[in-house]
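S.K.:
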Amino acid sequence: KTTLSVKLCELRNVIQNAYIVIKSAMLRKESRGLHYTTDYKPHALEPHDTVF
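Numbering (the numbering used here), first residue to last: 38 to 89.
#1: Give the secondary structure of K60 by DSSP, where H, G and I count as helix, E and B as strand, and everything else as coil.
#2: Does the distance from the C-beta atom of S61 to that of T87 stay below 7 Å?
#3: Using only the alpha-carbon positions, how far apart do L41 and Y56 sit?
#4: Alpha carbon to alpha carbon, how far is L48 from D76?
Okay, structure coming up:
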């Protein structure tokens, strides 16, 4: 049986945040800020938020 601890909750939260950041970066079709990709144009004229 696994007991729920603060450390386990923190680990889960870090993993979830990493997943969201990576998913967002992979969906982005432009280079913006620290996210640089050579597959698409340098940056859009008008920035927009990523919504899941």
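C-beta atoms are modelled at their ideal positions from N, C-alpha and C, and glycine is treated no differently.
M.R.: The answer reads as follows:
#1: helix
#2: yes
#3: 21 Å
#4: 33 Å
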